[in-house]
Amino acid sequence: IAIAGIKGGKHSGVTSRTGTIVLESANFDPVRTRLASRALNLKTDASYRFEHGLDPSATERAIDRLAEVIQRAAGGEILAGRVDAYPRRSPVIRLPLRTDYANRIIGQNIPLAFYETGLRRLGWDYRRKGRADFTVTPPPERLDIRIEEDIIEEIARLWGYEKIPAKAPHAPLAPAAANEERQWEERVRDVLVGAGLAEVFAYEFVSRKILDDFAADAKDLLELENPVSPETQYLIAHPAQRYIRIASENLRHFDAVGIFGLAKGFRPAPTPSTKTPSEERKYLVITKGAREPKSSKDSGETFYAVKGAIDQMFESLGISDHWYDDVLTKDERQKAKALHPYRTAKVMVGDEFLGVVAEVHPSVLKRLKSRGRIVFAEISFEKLWRMSRAEAEFRPVGRFPAVVRDIAVIVPENTKTEAVTNVIESAGGTLLADSDLFDYFQDEAMEERGEKSLAFHLVFQSPERTLTDEEVNRLYQKIITAVEEKGWEVRR
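Mapping to our numbering: the sequence shown position 365 is 1167, numbers consecutive.
In structure tokens:
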């Protein structure tokens, strides 16, 4: 017959051949009507009225009036009698009105006579209760009158708001509570701005064209039913797509670009029973791009610049156990079509995956018409926030002087820096307090031989005593021996 409170059915409608009709005048629950209208995505004049609530007692007057209009306009015959189905009648609402309390709320000394006059003007039933109180019965069509304060508001309106002087509320002025997460975000921003990056605010939507540029599938994305434009067809799942596109567009005008931003990622509901889509609250996206490099050495600088910004951020947040893993599974390689297959690393903290740092695949750059290579990092901000709040461990500053030596190692071009660091730290033992890569070098001759040079600062220090030159020389020679046993060459 119909969708109750929303829309009538096709077969219950009136046509030119209709001779007999049955009239129905009904009142529907506002909440149920609202939920059904949203579930069906169907908004009508009827649903709008019922959602806001109507007087149930008006159905009888409405059906009588409609029958009268039909008889007058079409000459129909009205049959006597009505069928009334109203199993649970709405109770009559009777509310107290205390004039002393009302005057205190309004802030005016309103005479008792004005209350009686006002209630009569409103057409409400009332009776006196005691010397200065009333029991008020609002009419059934006033569904908004449900508590004593609602009546007081009507009295204030009749009295005149202009007669009530404006006063600031009397409340203690307490400072706003510090938002720890917001302060932490500002700290991350300061670090990345200090690393030479500019913050960018990007839309959280993506178009079909952008998805095609990144060879991405739209089946796992949330599609808008009424997008404002084709550019806002889907809610974005990987914010890096937007930032890579922004970097590509800027490379048409600049030799280099470095940006970052905090963004959200959206995905469909994880289970059929869950109606609400999944929202990854924030991603941290760092993107750097540069015009086509002159050599492979230059091409690596952009990657290491992004990695350096990440390292700097981790250090400022007190997260020391982060590392990079370039081992992608076969499934990960198939899904990551936008990533360069051999210039991609997973960002890890302990055993937990936080995100990726990668160079954009050449095929994607070609579709974007980019004038240079682009490296980006996409990191889960929620995980980063959680880990930075973990309990920190502190060690006392060494009381004894440290000895610094440098070592430069020539290794095959495809050798990981981590592999060289592991050999150095293993040979140096507990007295090697720190080892840092400070230089990467590759001239034309080394490039032809497929080699590169990595230079490290080695810091030797003991927590118990001052190291002698003899001890440091012995440890340094031990490191050189370990490096040469790997088949690598130490530059003299």
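Heads up, the beta-carbon is just placed ideally off N, CA and C, and yes, glycines get one too. Every value quoted in this text rests on a predicted model; they were computed, and no experiment measured them.
For residue i, the three-state DSSP class (helix, strand or coil)
{"i": "residue 1029", "result": "coil"}
{"i": "residue 1174", "result": "strand"}
{"i": "residue 1096", "result": "Note that residue 1096 scores 47 on pLDDT, short of 50, meaning its location in the model is unreliable; the coordinates nonetheless yield the value given after this. Of the three classes helix, strand and coil, the one that applies to residue 1096 here is coil, per DSSP."}
{"i": "residue 999", "result": "coil"}
{"i": "residue 920", "result": "helix"}
{"i": "residue 1103", "result": "helix"}
{"i": "residue 986", "result": "helix"}
{"i": "residue 1075", "result": "coil"}
{"i": "residue 1113", "result": "helix"}
{"i": "residue 836", "result": "helix"}
{"i": "residue 1168", "result": "helix"}
{"i": "residue 903", "result": "helix"}
{"i": "residue 1005", "result": "coil"}
{"i": "residue 992", "result": "helix"}
{"i": "residue 1019", "result": "coil"}
{"i": "residue 805", "result": "strand"}
{"i": "residue 842", "result": "helix"}
{"i": "residue 886", "result": "coil"}
{"i": "residue 857", "result": "coil"}
{"i": "residue 1245", "result": "coil"}
{"i": "residue 881", "result": "coil"}
{"i": "residue 968", "result": "coil"}
{"i": "residue 831", "result": "coil"}
{"i": "residue 914", "result": "helix"}
{"i": "residue 1064", "result": "strand"}
{"i": "residue 975", "result": "coil"}
Extent of the continuous alpha helix (DSSP H) run through residue i
{"i": "residue 891", "result": "Per DSSP, residue 891 belongs to no alpha helix (DSSP H) and is neither H nor E."}
{"i": "residue 1233", "result": "Note, residue 1233: premise wrong, no alpha helix (DSSP H); not H, not E."}
{"i": "residue 1015", "result": "1010–1015"}
{"i": "residue 850", "result": "847–853"}
{"i": "residue 871", "result": "860–876"}
{"i": "residue 1052", "result": "1042–1052"}
Element boundaries [beta strand (DSSP E), containing residue i]
{"i": "residue 1257", "result": "1253–1262"}
{"i": "residue 1144", "result": "1141–1151"}
{"i": "residue 1155", "result": "1154–1162"}
{"i": "residue 1187", "result": "Counting along the chain, residue 1187 falls outside any beta strand (DSSP E), though it belongs to the alpha helix (DSSP H) covering 1183–1190."}
{"i": "residue 1127", "result": "1124–1127"}
Identified DSSP bridge partners for residue i
{"i": "residue 1080", "result": "1069"}
{"i": "residue 980", "result": "According to DSSP, residue 980 bridges with nothing at all."}
{"i": "residue 1207", "result": "1260"}
{"i": "residue 1291", "result": "1212"}
{"i": "residue 1091", "result": "1059, 1176"}
{"i": "residue 1278", "result": "Per DSSP, none; premise fails for residue 1278."}
{"i": "residue 1238", "result": "1259"}
{"i": "residue 825", "result": "For residue 825, which the question treats as bridged, DSSP gives no partner whatsoever."}
{"i": "residue 1265", "result": "The partner list for residue 1265 (beta bridge, DSSP) is empty, contrary to what the question assumes."}
{"i": "residue 810", "result": "804"}
{"i": "residue 1198", "result": "Paired residues: none, contrary to the question."}
{"i": "residue 927", "result": "939"}
{"i": "residue 1024", "result": "1037"}
{"i": "residue 1119", "result": "In DSSP, residue 1119 forms no bridge with anything."}
Q | Contained beta strand (DSSP E) runs [length at least 3] in the region 929–964, N- to C-terminal order | A | 935–939
Q: Taking 8 Å as the threshold, find out whether the region 1213–1225 comes into contact with the region 1247–1258 through three or more Cβ pairs.
A: yes
**Q.** Three CB pairs or more closer than 8 Å across the region 1184–1192 and the region 1151–1167
**A.** yes
Q) Counting Cβ pairs closer than 8 Å, one from the region 1160–1173 and one from the region 1044–1059, do we hit at least three? A) yes
Q.
With a threshold of 8 Å, are at least 3 pairs of Cβ atoms found where one atom belongs to the region 856–874 and the other to the region 823–839?
A. yes
Q. Touching or not, the region 883–897 and the region 841–856, by the rule of three or more beta carbon pairs under 8 Å?
A. no
**Q.** Touching by the beta-carbon criterion (3+ pairs, under 8 Å), the region 976–984 and the region 929–943
**A.** no
(Q) Taking 8 Å as the cut-off, does the region 1070–1090 touch the region 1171–1179 (at least 3 CB pairs, one atom from each stretch)? (A) yes
Q.
Does the structure place the region 1224–1231 close enough to the region 1192–1206 that three or more beta carbon pairs sit under 8 Å?
A. no
Q. Is the region 875–886 touching the region 958–966, taking contact as three or more C-beta pairs under 8 Å?
A. no
Q: Could you tell me whether the region 952–961 touches the region 870–880, where touching means 3 or more Cβ pairs closer than 8 Å?
A: no
Q.
Counting beta carbon pairs with one atom in the region 1063–1071 and one in the region 1027–1040, are three or more of them shorter than 8 Å?
A. yes
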